[in-house]
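**Student:** In the UniProt record's numbering, the protein residues as written are 1 to 44.
All C-beta atoms in this analysis are idealised placements derived from N, C-alpha and C, irrespective of residue type, glycine included.
This one's a predicted model, so the numbers in the text were calculated from it and none came from an experiment.
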């Protein structure tokens, strides 16, 4: 799958948080999010 620069930017804002509307996420939050979809990462 190839994502456009715009899609990658918006995805990054969603995952990391953005002052323009997306809530700030702690380091563990993205790990928890991706683990819901099959990843098996552990936040240190």
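#1: Starting from residue 23, trace the alpha helix (DSSP H) in both directions and tell me its first and last residue.
#2: Between the Cα of residue 16 and those of 41, 32, 42, spot the shortest distance and give me the residue it belongs to.
#3: Do residue 27 and residue 37 have their CB atoms nearer than 8 Å?
**Tutor:** On the basis of the data shown:
#1: Stepping through the chain shown from its first residue, residue 23 is reached at position 23. Looking at the DSSP string, residue 23 is not in any alpha helix (DSSP H), and its letter there is neither H nor E.
#2: On the chain shown, residue 16 is found 16 positions in, with the first residue counted as 1. The shortest C-alpha separation from residue 16 is found at 32.
#3: Within the chain shown, residue 27 is the residue found at index 27, counting from 1. Within the chain shown, residue 37 is the residue found at index 37, counting from 1. No, the Cβ-Cβ distance between residue 27 and residue 37 is not below 8 Å.
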